[in-house]
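Asker: Residue numbers (my numbering), protein chains in the order written: chain A, 57 to 546; chain B, 57 to 546.
Note that beta-carbon positions come from the ideal geometry of N, C-alpha and C, so glycine has one too.
Can you keep this structure in mind? I'll have questions shortly.
Protein chains: 2
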Amino acid sequence: MSKGITSRSEDYSQWYNDLVIKADLAENSAVRGCMVIKPYGYAIWERMQAILDKRFKETGHSNAYFPLFIPKSFFSKEASHVEGFATECAVVTHYRLKNDGSGNIIVDEDAKLEEELIVRPTSETIIWNTYKGWIESYRDLPILVNQWANVVRWEMRTRLFLRTAEFLWQEGHTAHATSEEAIAEAEQMLEVYADFAENTLAVPVVRGRKTENERFAGALDTFCIEALMQDGKALQAGTSHFLGQNFAKAFDVKFTSKEGKQEYVWATSWGVSTRLMGALIMAHSDDQGLVLPPKLAPIQVVIVPIYKTDEEKASIDTFVANLQAELKGKDISVKYDDRDTQRPGFKFAEWELKGVPVRVAVGARDMQNGTVELARRDKQTKETVAQEGLANTIEVLLEDIQQHIYQKAIDFRASHTTEVNSYDEFKQVIEGKGGFVSCHWDGTVETEKRVKEETKATIRCIPLDAKEEEGVCIFTGKPSSRRVLFAKAY
Amino acid sequence: MSKGITSRSEDYSQWYNDLVIKADLAENSAVRGCMVIKPYGYAIWERMQAILDKRFKETGHSNAYFPLFIPKSFFSKEASHVEGFATECAVVTHYRLKNDGSGNIIVDEDAKLEEELIVRPTSETIIWNTYKGWIESYRDLPILVNQWANVVRWEMRTRLFLRTAEFLWQEGHTAHATSEEAIAEAEQMLEVYADFAENTLAVPVVRGRKTENERFAGALDTFCIEALMQDGKALQAGTSHFLGQNFAKAFDVKFTSKEGKQEYVWATSWGVSTRLMGALIMAHSDDQGLVLPPKLAPIQVVIVPIYKTDEEKASIDTFVANLQAELKGKDISVKYDDRDTQRPGFKFAEWELKGVPVRVAVGARDMQNGTVELARRDKQTKETVAQEGLANTIEVLLEDIQQHIYQKAIDFRASHTTEVNSYDEFKQVIEGKGGFVSCHWDGTVETEKRVKEETKATIRCIPLDAKEEEGVCIFTGKPSSRRVLFAKAY
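And the structure:
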């Protein structure tokens, strides 16, 4: 098969788009900015969901579901929140269509809503309005709830998975009796995300906090994980917010403390979205197609038979049936691609494009020799191995692939993280190889904005593990006590 | 605890509302007709999802995701479809809010959409517009896709779970090369639903087909499963539609057949929703609260310690830790309720209200005797049993409870299904004990409508297993060749 994928060196952005389309992950829909997530792409998202959901439950959270619509008045109650989201909201104004009498279907103006409804861009407001009814005393706290849902943000420039008008995500919303407990929750969920990114997505991340300028609208503190893509641009892969008492005050949610006092409740929210699909694709894939870490691959092993006669096929079938059973016993997902409408070479290319980590090819000669050809997608290498113990060999290989993909991403990040001490150096790196640039900054929004205007680089985060270090801001020369990470970003 | 639940005999409808609220399943939100599904309710829905999703995958389906919004013009392409849904659509007309200059947040009239977007009430139109790009030849068929999503139908009278403006559901949408294959798919999915209702929900259902008048808007044939609630009203628990070529024609989706001809594609769609929660509640629960079949109970076993001293508690704790481990090993979900803020009687009432199938109470004397008190929620009986082998005892008991709940519902339905041969008898039953009424009908929409006007009863379905039988319509006396089922319905 002809893959028709632009190479990364030629046009990284086009490579990404080609890959998403050709690997059957997603496509643009007829609705501006909204995507269709195709079955193969959705299967990867489902694996992400399953693993994250398990971790949320292990850390004491339950799922719930809140309305898609938010009354406009709710939305306006938290000042910085409405400021952050008002310009990108889908607004429902009517609840009925009608026939205009000459056969055209039009909006029925008699069915205008008294108050417009906003399609949720995030659910803090509707959820805190609900929590008001759930919380009376400290005994009702903490509330540890998560929601899997669709949200809509009317983005003007969209890209499949990375920035779409509608996307899928989870949003955790927790309520606590103390500030300390809420901060600990926000930090805990950041670590859940970081661990997921590193051990499941095989994407190393920097754990950090956002500057005031980049905080979530309504948060006192936004923690984030930042990943690096192969083109040297950063991608924010998840955020966890300490919301203080902002939403409790906006919705008047108080509780009676152990000491009998009325106090406002403390809040967090945290989320990751289908954007992670973009991170996954851009972190690992190559010019031949997707490279999927085994832990997320919907198909971990594909088996392709190579035969000329029915007898040869029958003998291979028997062998494969046993292998499949053994692999399934190890919880390894396997597909036997014995379509007779396609040649082996076509199948190899197709599964390579779709990022299946391990390919087993088995032919008549292999059957005589007691061998198979085993190919790994990540390194694009293959070797002849024994049929005996093959399920174990594959199990070990999958582990090795997961590790290798992760290590490769770590190495890439290491070679694309640069400490600089002057603005000239800064610009040279940002406009050159890109990546994370670690440097001193004077802590002002103004400097941050000016650097962004001049270089398009933004402060991705103040790393949580940043050491105290005397220095001077690369832009203003003013004193600084720790380095921050700049990068161009998605 | 005071449960505050109205009894069924006093006011069935109020009993239902009380139960949904008091058992923490769901509540009304601030948005008209939209509900909040609370964690305990959502946990039951998640179990339904998991079991159904597994069955969909076992029958060859994959999940995917399509846009929330549908352009108005798409929606209008299939004539009977738009007629069925136009009067209950939420319409998005703008994509931005703004500050009006004096601090009020208003809809920005400069951000009016060129074409209004409908919030999906069902996704046939947007999906068939997408399928057009996926299908060229018979090799691309069948497409077997399911979507888990929220949908919106602007209902005027809403009730938690049973009829809400926004609800959660799954919608399968399949594309086939032949009419036969599509009909077989629709029938297969009906059977998946029926099996799920009976073996998981423990709700017996009648498999049938809808009359022309009750068909899905755009379908050639609608298959359904109909369940009976304790008040004698029927509830449609799932539908599976044979759509013929209606949507393929509306969206011009053709394929090249094996013979090289251009033909329109054949379609099905099928869905169940959070309405099933309503069916589950109304089929089994009693005046003390929920009764959950073990297969859907988020907590299958609750253990309550009864003690006076710390020593007694410590001894019980040790016993319980072992029991919990054993139960978890059998994949039985268990909660140890050792809150020291509530008395055992309060806990008993709370878990009874929440429908936990099995309760284990263990006190100091039990520890001496090597016994526990084992209570089953469905029969509200309890007995003293040995600690030895308790995990096995519980495992067997859970099976028995599942069966017993189902049998009870079967018996209820049997005693509330009545064959009648005259309109007088018909009215007497419908206005009396209710339930399914099996009778002859002349096959006309007119008769169906008149019976509905006079009695509020509708034809729930023409049962698939209905025998050929000569008879006369109870209303018009015209000849009829098989009986149909009438009932008042939710």
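According to the Cβ coordinates, are residue 440 (chain A) and residue 429 (chain A) closer than 8 Å?
Answerer: Yes; because the gap between Cβ atoms is below 8 Å, this pair is in contact.
Asker: In three-state terms, what does DSSP make of residue 511 (chain A)?
Answerer: If DSSP states are grouped into helix, strand and coil, residue 511 (chain A) belongs with the helices.
Asker: Would you say residue 525 (chain A) and residue 494 (chain A) are within 8 Å of each other, going by their C-beta atoms?
Answerer: Contact flag unset, no.
Asker: Alpha helix (DSSP H) containing residue 97 (chain B): first to last residue?
Answerer: Element bounds for residue 97 (chain B): 95-114.
Asker: Could you check whether the segment 488-506 of chain A touches the segment 450-465 of chain A, counting it as contact only if at least three pairs of C-beta atoms, one from each stretch, sit closer than 8 Å?
Answerer: Touching, no, given that fewer than three Cβ pairs across the two stretches are closer than 8 Å.
Asker: What residues in the segment 176-199 of chain A have a beta carbon less than 8 Å from any beta carbon of chain B?
Answerer: Per Cβ criterion, the list reads 182, 185, 186, 189, 195.
Asker: Helix, strand or coil: which one does DSSP assign to residue 184 (chain B)?
Answerer: If DSSP states are grouped into helix, strand and coil, residue 184 (chain B) belongs with the helices.
Asker: Answer yes or no: does any C-beta atom of chain B fall closer than 8 Å to that of residue 531 (chain A)?
Answerer: No, residue 531 (chain A) does not count as interfacial toward chain B.
Asker: Compare the C-beta of residue 302 (chain A) with all C-beta atoms of chain B and state if any pair is closer than 8 Å.
Answerer: No, no contact with chain B.
Asker: Grab me the residues of residue 461 (chain A)'s own chain with a C-beta within less than 8 Å of its C-beta, minus the 5 sequence neighbours each way, in chain order.
Answerer: Closer than 8 Å at the Cβ level, and outside the excluded window around residue 461 (chain A), lie 258, 340, 347, 349, 434.
Asker: Going straight from the alpha carbon of residue 280 (chain A) to that of residue 264 (chain A), what length do you get?
Answerer: Distance between the alpha carbons of residue 280 (chain A) and residue 264 (chain A): 5 Å.
Asker: Determine, using beta carbons only, whether residue 273 (chain A) and residue 150 (chain A) come nearer to each other than 8 Å.
Answerer: Their beta carbons are not under 8 Å apart, which means residue 273 (chain A) does not touch residue 150 (chain A) by this criterion.
Asker: Which whole runs of the alpha helix (DSSP H) in the segment 227-270 of chain A are 4 residues long or more, in chain order?
Answerer: Here the runs fully enclosed are 235-255.
Asker: Could you round the C-beta distance between residue 313 (chain A) and residue 221 (chain A) to whole angstroms and report it? I think they count as a contact, below 8 Å.
Answerer: That pair is no contact at about 43 Å.
Asker: Indicate whether the contact test is met: 3 or more Cβ pairs, each with one atom in the segment 307-325 of chain B and one in the segment 192-201 of chain B, closer than 8 Å.
Answerer: Counting Cβ pairs under 8 Å, three or more are found: they touch.
Asker: Under a CB-based cut-off of 8 Å, is residue 123 (chain B) close to chain A?
Answerer: Yes - at least one Cβ of chain A is within 8 Å of the one on residue 123 (chain B).
Asker: Answer yes or no: does any C-beta atom of chain B fall closer than 8 Å to that of residue 110 (chain A)?
Answerer: So, not an interface residue.
Asker: Cβ atoms of residue 203 (chain B) and residue 170 (chain B): under 8 Å apart, would you say?
Answerer: Going by C-beta atoms, residue 170 (chain B) is not nearer than 8 Å to residue 203 (chain B).
Asker: In the DSSP assignment, find the unbroken alpha helix (DSSP H) run with residue 449 (chain A) in it and report its ends.
Answerer: Residues 446-471.
Asker: Cα-Cα, which of A:285, A:444, A:459 is closest to residue 342 (chain A)?
Answerer: It is A:285.
Asker: Considering only DSSP beta bridges, list what residue 527 (chain A) is partnered with.
Answerer: The partner list for residue 527 (chain A) (beta bridge, DSSP) reads A:536.
Asker: Taking only beta carbons into account, state which residues of the segment 126-144 of chain A come closer than 9 Å to chain B, listed in chain order.
Answerer: Hits within the stretch, in order: 126, 127, 128, 129, 130, 131, 132, 138, 139, 141, 142, 143, 144.
Asker: On the criterion of 16 or more Cβ atoms from any shown chain inside 10 Å, does residue 156 (chain A) qualify as buried, or is it exposed?
Answerer: So residue 156 (chain A) counts as exposed.
Asker: Does residue 344 (chain A) come out as helix, strand or coil in the three-state DSSP assignment?
Answerer: Three-state result, residue 344 (chain A): coil.
Asker: Opposite residue 417 (chain A) in the DSSP bridges: which residues?
Answerer: A:360, A:429.
Asker: Which residue or residues does DSSP assign as beta-bridge partners of residue 44 (chain A)?
Answerer: With chain A covering only 57 through 546, there is no way to say anything about residue 44 (chain A).
Asker: Throw me the rounded Cβ distance for the residue 172 (chain B) and residue 208 (chain B) pair, which I believe falls under 8 Å.
Answerer: The pair is not a contact, with the Cβ atoms about 14 Å apart (cut-off 8 Å).
Asker: Terminal residues of the continuous alpha helix (DSSP H) containing residue 480 (chain A)?
Answerer: Here the alpha helix (DSSP H) through residue 480 (chain A) covers 479-487.
Asker: Starting from residue 277 (chain B), trace the beta strand (DSSP E) both ways and give me its first and last residue.
Answerer: 277-284 is the span of the beta strand (DSSP E), which, as asked, contains residue 277 (chain B).
Asker: Using the beta-carbon of each residue, which ones in chain B are nearer than 9 Å to residue 241 (chain A)?
Answerer: By Cβ distance, chain B contributes nothing, its closest Cβ being about 16 Å from residue 241 (chain A), past 9 Å.
Asker: Can you check whether the C-beta of residue 115 (chain B) is within less than 8 Å of a C-beta belonging to chain A?
Answerer: Judged by the 8 Å Cβ criterion, residue 115 (chain B) is not in contact with chain A.
Asker: Buried or exposed, going by whether 16 or more other CB atoms sit within 10 Å of the CB of residue 185 (chain A)?
Answerer: Flag for residue 185 (chain A) reads buried.
Asker: Spatial neighbours of residue 248 (chain A) within its chain, please: CB distance less than 7 Å, with the 5 preceding and 5 following residues excluded, ordered by chain position.
Answerer: Cβ neighbours of residue 248 (chain A) beyond the five flanking positions: 111, 115.
Asker: Give me whichever residues DSSP pairs with residue 495 (chain A) in a beta bridge.
Answerer: According to DSSP, residue 495 (chain A) bridges with A:540.
Asker: Based on the DSSP secondary-structure assignment, which residues constitute the bridge partners of residue 517 (chain B)?
Answerer: Residue 517 (chain B) pairs with B:541.
Asker: Considering just the uninterrupted stretch of the beta strand (DSSP E) at residue 392 (chain B), what are its terminal residues?
Answerer: From DSSP, the beta strand (DSSP E) with residue 392 (chain B) extends over 390-392.
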